[in-house]
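**Q** Next up is a structure, given as structure tokens.
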Amino acid sequence: MTFANWIESTREQIAQDGWDGVKESIYELRLGALRRLERFADPGTNVFDHEWDVLLILDGCRVDAMAEVADEYEFLDDPGSHRSVGSASYQWMERTFTDEYADEMARTAHVTANPFTDEFCDPAEWALLDEVWRNAWNEDVGIVPARSVTDGAIRAARERDDEFDRLLVHYMQPHFPSVPEPMGSGTRLNEWIDGREMAWQGLRRGRFTEQEVWNAYVANLRYVLNDVAVLLENLDAEKVVLTADHGNAKGEWGVYGHPNVAINVLREVPWYVTTAIDEDSYEPNQRVDSGAEEDVSVADRLQALGYSDN
């Protein structure tokens, strides 16, 4: 956005929202300034440059949130951190799934709940691409449940493991909406589609307290980690890594959510190493259509998660 465009946008926001429009415009100006500083930031490391057999992406997971719950899970006993290449899912995918790593992708199975694969992933480039979000989206909570991803990953590992060398599994949690602790109407599918992630922007606007948002966020992290525990008992892998595509900001540098700015709280993500042994303790459900309306577009899915078209 140019400065002239910002001025025009500010006028429109003030005309529509008064003082609230001024605050929104100032926030946009701050983000614009931070984006210009990205060229000076550490660009991060592509996950394909690391050794792993299974890579579990927890969408939007903060380092401190993972540390807070680590003692509750035996498989989180080898902590670390990683510098992500992106501050938002679309930026992470654009910079991760590149021609440079075509050989690695061709040997990798990718099971994902993130709708941005529609733009950044060609099925022909992967050993297997299972876009779980296409038929497992839950309209009641406005996101793909963790168990649908777990089921897809176990099916891939047990039924098609001879087709790939690596398995990449992308859960949508702890990204809001929080499945166990919804935050009122802010998590509904047809609301909070102004281009920001729901709960974090509710915090910025004073709708929620920091403790309310944090409690819901950590509850959502526990929710997905409980499913990760199921997954780790139902596939075989010598080296499993739990990480994230990006973090989330709750006011650091005046930023909330995960816009594409290269501040540390968005780029420094967890990196926990563990193993997995198939104890055959769970039988995954076969793929079942969620019953969602067929005319719901990818853009609608992304707007429900708080992403705008730009």
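For the sequence shown, the UniProt record's numbering gives the first residue as 1, with consecutive numbering after it. Where a beta carbon is used, it is the ideal one built from N, C-alpha and C, also for glycine.
1. Taking the alpha-carbon positions, what's the residue 110 to residue 89 distance?
2. Going residue by residue through the segment 191-245, where are the continuous alpha helix (DSSP H) segments of at least 4 residues, counting only ones entirely within it?
3. If we require 3 or more residues per run, which beta strand (DSSP E) segments fall completely within the segment 108-190?
4. Determine the extent of the beta strand (DSSP E) in which residue 81 is found, giving its start and end residues.
5. Could you give the residue range of the beta strand (DSSP E) that holds residue 54?
6. If I measure Cβ to Cβ from residue 62 and keep anything under 6 Å in the same chain, skipping five residues before and after, which residues do I get?
7. Which same chain residues, not among the five before or five after residue 282, have their C-beta less than 6 Å away from its C-beta?
8. Which of the three DSSP states, helix, strand or coil, is assigned to residue 257?
9. Compare the beta carbon distance of residue 56 and residue 242 with 8 Å and say whether it is the shorter of the two.
10. Pull up the DSSP beta-bridge partners for residue 272, would you.
11. Helix, strand or coil for residue 41 per DSSP?
12. Label residue 209 either buried or exposed according to how many other C-beta atoms from any shown protein chain fall within 10 Å of its C-beta, with 16 as the threshold for buried.
13. For residue 279 and residue 225, what's the separation of their Cα atoms in angstroms?
14. Which value, in whole angstroms, describes the spacing of the CA atoms of residue 69 and residue 98?
15. For residue 145, count neighbouring C-beta atoms within 10 Å of its own C-beta (all shown protein chains included) and say buried if the count is 16 or more, exposed if not.
16. Following the continuous alpha helix (DSSP H) through residue 104, name the residue where it begins and the one where it ends.
17. Just the C-alpha distance for residue 260 and residue 155, rounded to the nearest angstrom, thanks.
18. Do you know how far the Cα of residue 50 is from the Cα of residue 250?
19. If you count every other CB in all the chains shown that lies within 10 Å of the CB of residue 37, and 16 or more means buried, which is it?
20. Could you check whether residue 221 and residue 274 sit closer than 8 Å to each other, using their CB atoms as the reference points?
21. How is residue 249 classed by DSSP in three states: helix, strand or coil?
22. Compute the beta-carbon to beta-carbon distance between residue 257 and residue 201, rounded to the nearest angstrom, for a pair I have assumed lies under 8 Å.
23. What is the rounded straight-line gap between the Cα of residue 116 and the Cα of residue 277?
24. Using alpha carbons as the reference points, say which of 124, 147, 125 and 127 lies closest to residue 133.
25. Who are the Cβ neighbours of residue 205 in its own chain at under 7 Å, not counting the five residues just before and after it?
26. For residue 213, which residues in the same chain have their Cβ closer than 6 Å to its Cβ, ignoring the five residues on either side in sequence?
27. With a CB to CB cut of under 6 Å and the five nearest residues on each side skipped, what residues in its chain are close to residue 34?
28. Applying the 10 Å Cβ sphere with the 16-neighbour rule, what's the burial state of residue 78?
29. At what residues does the alpha helix (DSSP H) containing residue 264 begin and finish?
30. Tell me whether residue 19 is buried or exposed, calling it buried when 16 or more other Cβ atoms sit within 10 Å of its Cβ.
31. Between residue 207 and residue 160, what straight-line distance do the alpha-carbon atoms span, to the nearest angstrom?
32. Have a look at residue 58 and residue 170 and give me their C-alpha separation to the nearest angstrom.
**A** According to the structure data:
1. 15 Å
2. 198-204 and 210-232
3. List check, beta strand (DSSP E) in window: 108-112, 128-131 and 166-174.
4. 81-83
5. 54-59
6. 247 and 248
7. Counting only residues of its own chain and dropping the five nearest sequence neighbours on each side, residue 282 has a CB closer than 6 Å to the CB of 230 and 234.
8. strand
9. Residue 56 places its beta carbon less than 8 Å from that of residue 242.
10. 242
11. DSSP places residue 41 in coil when its eight states are reduced to three.
12. Exposure of residue 209 is indicated by the presence of fewer than 16 other C-beta atoms within 10 angstroms of its C-beta.
13. 18 Å
14. 33 Å
15. Flag for residue 145 reads buried.
16. Its alpha helix (DSSP H) spans residues 102-106.
17. 34 Å
18. 29 Å
19. exposed
20. no
21. Reduced to three states, the DSSP call for residue 249 is strand.
22. 6 Å
23. 30 Å
24. 147
25. none
26. 199 and 203
27. 261
28. exposed
29. 264-267
30. In this predicted model, residue 19 has a pLDDT of only 48, less than 50, meaning its place in the structure is not dependable enough to derive any value.
31. 47 Å
32. Roughly 6 Å separates the two Cα atoms.
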